[in-house]
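A.B. asks:
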Amino acid sequence: MSYMTVIGYCANCGGMMSFHPHKVPSVTIKGHREPVCRACIERVNPIRVEKGLPAIPIQSGAYDAAPESEL
């Protein structure tokens, strides 16, 4: 079995990160899904909850390599 690591930049902070392209939390910018890093999600979730919005879930494996079979 082989794996693939996707490397990109967080749409919020611009930091480099690796992620699973189908599981990473994202935002839509100009019609394209853009990934958001774990630190930014963890930073915004308490603010969202305080405002009565749901926390953004982080799926298991969102920042791990993706098995080739899932791509």
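Under our numbering, the final residue of the sequence shown carries the number 1247; numbering is consecutive throughout.
Glycine residues also receive a C-beta, built at the ideal position from the N, C-alpha and C atoms.
These figures come from a predicted structure and were not determined experimentally.
#1: Measuring CB to CB, does Glu-1244 end up less than 9 Å from Ser-1194?
#2: In whole angstroms, what is the alpha-carbon distance linking Met-1192 and Gln-1235?
#3: Exposed or buried, Cys-1189, counting other C-beta atoms within 10 Å across all chains shown (16 or more means buried)?
#4: Determine the closest residue to Glu-1210 out of Pro-1222, Asn-1221, Thr-1181, Pro-1197, with distance taken between C-alpha atoms.
#5: Considering only C-alpha positions, which residue in the set Lys-1206, Asp-1240, Ile-1223, Leu-1229 is nearest to Cys-1213?
C.D. replies: Reading off the structure:
#1: no
#2: 19 Å
#3: exposed
#4: Pro-1197
#5: Asp-1240
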